[in-house]
Amino acid sequence: MDYNFGEIESRWQNYWREHGVYHVSNGVGSADNHVNADKPHYYVLDMFPYPSGAGLHVGHPLGYIASDIYARYKRLQGFNVLHPMGYDAYGLPAEQYAIQTGQHPAITTEKNISRYREQLDKIGFSFDWDREVRTCEPKYYKWTQWTFLQLFKHYYDNTANKALPISALVERFAKQGSEGLDAACTEVLTFSAEEWNSWDEAKQQQVLMNYRLAYLADIPVNWCAELGTVLANDEVVNGLSVRGGYPVERKLMRQWSLRITAYAQRLVDGLEQVDWTDSLKEIQRNWIGRSEGAAVWFPIVDGSKGQNGSFEIFTTRPDTIFGVTFMVLCPEHELIGQITTPEQKAEVEAYVTWAKNRSERERQAEVKKVSGVFTGAYAINPLTEEKIPIWVSEYVLAGYGTGAIMAVPAHDSRDFAFARHFNLPIRQVVALEKDAISDPSTWEESMDAKTGYSVNSGFVTGMKVKDAMKAVIDRIDEMGIGHRTVNFRLRDAIFSRQRYWGEPFPIYYKNNIPYSIPEERLPLELPEVSDFKPTATGEPPLGHAQKWAWDEQKRCVVDKSLIDNKTVFPLELSTMPGFAGSSGYYLRYMDPHNDEAYFSKDAVNYWQKVDLYVGGAEHASGHLIYARFWNKFLHDIDMSVVEEPFQKLINQGMIQGRSNFVYRSKADNSLFISKGLIKNMDDVTAIHVDINIVDNDVLDIERFRQWRPEFADAKFELEDGKYICGWEVEKMSKSMFNVQNPDDLVARYGADTLRLYEMFLGPVEQAKPWDTNGIEGVHRFLKKFWRLFENLSDEAAGKEELKVLHQTIKKITDDVERFSFNTAVSTFMICVNTLTDLKCGKREVLKPLTVLMAPFAPHIAEELWHQMGETNTVCDAEWPKYDERQLVEDTVKYPVQFNGKMRFTIDLPADCAQQDVLAAVKAAPESAKWLTGEPKKVIFVPKKIINIVC
RNA sequence: GCUCUGGUGGUGGAAUGGUAGACACGAGGGACUUAAAAUCCCUUGCCCGCAAGGGCGUGUGGGUUCAAGUCCCACCCGGAGUACCA
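In the numbering used here, the protein residues as written are 85 to 1034.
The following block contains the structure:
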């Protein structure tokens, strides 16, 4: 009987579904715990997909296949494995599509999901679909909203180093005001208990907003007019939106933000505990951008103009303070208005206006261009008492540090450029050697390195840079004008989107103060709207919703015509961003149908965390930071039990497209020249051709003629009767006709072949081009494996057969453990080739081999498993263990080296001692040529090699 | 610029410091077949040679070592991330 993959695969997919083979229980305490009560647990998670209209291409399942193999492997090893899947279903593309076509995003999303599901099902994954989550479903986003409310109701206490309830803060303020409080906040406030108690509700709420972990504030945002929404920093690249590539500008807007910066240090520290690649950790560290330095207050000359008579700067180089020759404020700095002299006023205002109106894009493009203006005001260097000019420039950013710097042009390249441009003095205060002082006016560039000695620097002169840093900080600390501090590049995450297709905020406004709707009234469901575009007045799409107001007494959503601002109030109109729903989904999978809680204590105590997480590295600075933050917060409020949610993380590499080209002659527009016959590439035009009508770079001429009407009469210059196409590795995209759809391959070769081939392509973590050319080999291998079972026998296996089996068990186990699936597939090939040569059809060998194959090619394994008379699923078989005794070799083929060069090999007994090996080598006829006289030295590695130096 | 990656046959790729190129694709030759498909066998890094055999080979140049694709130093090229972050 032939290997009929179509029939086999649908049979077992049905069987698995009908028997609930992939259903997982939560261990002890759960309703159906009897099955898995005493097994160890393991959680394998894939980053859930956004179901786009295009469906899956061959790159999407790569990670899913890898994780599925691992999940199945763990199960065979006796683990209770959680391996769920769901959909990140809220987001921009569905909404953009809705705006264009008027189709409700819920409908297109539903359609896309069922298409995804169909495609996924065909590949034979072991997902427990009973646990599916969809971020756009009320019963799921109820808990996204719930988490938001908890963030709203907590603040971050730096002393406790965790999130604490706002109610505790209110109590504290009533008793002692801000005294002794060290908390994450937007600005440091100082007030007494009397003051707090004297304030009205509005003022108190305003003050609390300064501390909430989810807070409303006017902040400069990335506004994308084309998309009609704000975007997070990681959603903007080079001043353009990641989705759509539209221009993005800076704009001050009242937005919800998450105070993720409160967790910056813990986010850095947590990286030590997780098993991720160094490069991924590095991306996160860079994104968080921790830097140590000092905060220093510089007094302003004629301090009456400034509020406190001084302003704060941040520097990582306190040791260079003797080299400060000017100060720079960012154009947004609040002090500018107060300190600018009347003579400079016009010029400064013009500059500030100009800078503020510049788009992100212009700024990015002109980074190297120096611009700025003198305020006319001066500061005093607190250590030298020198009077130094204060400038304003774009190169100082509002969002980092305090938006003000001390400029040390000799030792900072940006300050250097600025000083040169405006002819400001440059003073050397660091030198590689104590006396290596030169004239900075002759320098080509600044000396930025943190090495060498301080020079021209008062009391730190002669100290090493590192010591000088400490000495300066100690001094300013003593003087009470500064202290050691740490700054982060990470910004708070803007959490509002002016969009329709997202989670509504469970917030209503009473006198412009946000209040949370009661938790027991969640979810606050997304209302229907007449139009998905923003309203005429610029309100988000929810402004179109008629039934969108909160009745405080009835505790429910009512028609907005009832708004009276007494008992009925307007609801928040923006929605949450894409990362809201994906930040905690891994926890919900643990207990997806719980209506009482996000997830039960039992469930999270059982599963703890994700043991293996597989997904793309593109989420390094987005999802993976937000999710870690989300989890740490949930940990603080005693929900999640482990601080770091993803223990081991694997990034599957991108699968690139492999495009094919035909070459049209420029002289004759209907003539196509085969690649090898082209003399000069300038004579031809390369045209992308659909990879589905090309086989091994050979063009199917008939199908090419049918492909496009304009090619119907094409003529060809052939080589060896074939038209050979050119190829190139590019992004997989429709416009390049290089998209490979997994369904086509499943139909042609079967899911098992697809699974094996995706793994065989190369290391999972490496980017690689998709190329169908090799798929035949993998398919042939499966047929060969199938044929082994044609002569199934119960005879005892021989030594050779057992040896290859046990070698295979050992190698496959090793390979799976280190996620080296490509070499695992080769190992299977070697094993099957050997067994074919040995004509081995012995059950004793084939049965364990089938179990080894089951994670990789589950359908064929299940079929053969049952053909061997088994009645239970192969998924619950036992992973074989290798027997060291079967691996022992009697003889070793020793490579013989002379002076490190391999010359020949010699077969010897495995237990041969050095002198016997040497004797055998001397006796070998081949040695005569290389061995003249006695060897000077002999290196002998038992069972490995012998090297003779002569 | 900085950080992280990677550089091995015609192609994808393999190699705990110990026979470089496993496994597969492609290509060439052959068997079976009326023919095709399927299957099977042989050859396939480059150079010299009829052969036996020899020389050269893992981006480049040095070094460590009995032995280097693998370790160290310097450099070249590709890919990704990030970028006035003080």
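Backbone N, C-alpha and C fix where the C-beta goes; we use that ideal spot for every residue, glycine too. On a predicted model such as this, the values are computed, not experimentally measured, just so you know.
Asked, Found
"Would the beta-carbon of N678 fall within 8 Å of that of V725?", "no"
"Keeping to the same chain, check which residues put their C-beta closer than 8 Å to that of E849; ignore five residues upstream and five downstream.", "T361, I734, N735, Q736, G737 and F903"
"Measuring CB atoms only, is the segment 793-809 touching the segment 751-761, in the sense that at least three cross pairs come out at less than 8 Å?", "yes"
"Would you mind reading off the limits of the beta strand (DSSP E) that contains C308?", "A298 to C308"
"Which residue wins for smallest C-alpha separation from T1016, given the options I1023, W381, K1006 and F1024?", "K1006"
"If you check the beta carbons only, do I601 and A488 fall under 8 Å apart?", "no"
"Given a cut-off of 8 Å on the beta-carbon distance, is the pair D318 and V544 in contact?", "no"
"Given a threshold of 16 other Cβ atoms within 10 Å of its Cβ, counted over all protein chains shown, does M765 qualify as buried or as exposed?", "exposed"
"Residues in the same chain with beta-carbon distance under 6 Å from V74, minus the five sequence neighbours each way, listed in chain order, please.", "The question about residue 74 has no answer here: the residues shown for the chain are numbered 85 through 1034."
"Which word fits G90, buried or exposed, when buried means at least 16 other C-beta atoms lie within 10 angstroms of its C-beta?", "exposed"
"Compute the Euclidean distance between the alpha carbons of L1047 and W714, then round it to the nearest angstrom.", "Residue 1047 lies beyond the stretch modelled for the chain, which goes from 85 to 1034, so this question has no answer here."
"Does the distance from the CB of V480 to the CB of A494 come in under 8 Å?", "no"
"Leaving out five residues on either side along the sequence, give the residues of the same chain with a beta carbon under 7 Å from the beta carbon of R350.", "K716"
"State the DSSP-derived secondary structure class of E319, mapped to helix, strand or coil.", "helix"
"Could you tell me which residues DSSP pairs with V980 in its beta bridges?", "F988 and I1030"
"Any contact between the segment 171-190 and the segment 770-778? By contact I mean 3 or more CB pairs, one from each, below 8 Å.", "no"
"What is the DSSP secondary structure of R95, reduced to helix, strand or coil?", "helix"
"Whole angstroms are fine: how far does the CA of S109 sit from the CA of D695?", "17 Å"
"Would you call the CB atoms of W750 and V778 closer than 8 Å?", "Looking at the sequence itself, residue 750 is Lys, so the reference to Trp does not match. No, they are not a contact pair."
"Locate the alpha helix (DSSP H) running through R712, then write down its first and last residues.", "H707 to D720"
"Evaluate G312 with the Cβ neighbour count: other Cβ atoms within 10 Å of its Cβ, from every protein chain shown; 16 or more gives buried, anything less gives exposed.", "buried"
"For V698, which three-state DSSP category applies?", "strand"
"Where do the N-terminal and C-terminal ends of the alpha helix (DSSP H) with I785 fall, by residue?", "I785 to W791"
"Is it the case that the Cβ atoms of A577 and Y462 are separated by a distance below 8 Å?", "no"
"Can you give me the Cβ contacts of E946 inside the same chain, cut-off strictly under 6 Å, excluding the 5 residues immediately before and after it?", "W96 and V958"
"Determine the extent of the alpha helix (DSSP H) in which L419 is found, giving its start and end residues.", "Careful: L419 lies outside any alpha helix (DSSP H) and carries neither H nor E."
"Indicate the three-state DSSP secondary structure (helix, strand or coil) for A809 in the structure shown.", "The question names Ala, but residue 809 in the sequence shown is Cys. Correct three-state label for C809: coil."
"Here's a check: name, in chain order, each residue in its chain whose Cβ is nearer than 8 Å to the Cβ of V291, leaving out the five neighbours to either side.", "F257, L273, F275, W280 and W283"
"Under three-state DSSP, which class holds M563?", "helix"
"Based on the DSSP secondary-structure assignment, which residues constitute the bridge partners of F80?", "Here the chain covers residues 85 to 1034 and nothing more, so residue 80 does not appear."
"Kindly indicate which residue of S210, P473, E333 and T651 has the alpha-carbon position closest to the one of D130.", "S210"
"Can we say the segment 521-540 touches the segment 353-370, given the rule of at least three CB pairs closer than 8 Å?", "no"
"Tell me whether the segment 418-435 and the segment 490-508 touch, counting them as touching only if at least three CB pairs, one residue from each stretch, are closer than 8 Å.", "no"
"With respect to the alpha helix (DSSP H) encompassing S151, which residues constitute its N-terminal and C-terminal limits?", "P145 to L160"
"Under the three-state reduction of DSSP, which class applies to F275: helix, strand or coil?", "coil"
"For G846, collect the residues of the same chain with a Cβ closer than 6 Å to its Cβ; drop the 5 residues on either side in sequence, then sort them by chain order.", "K852 and N906"
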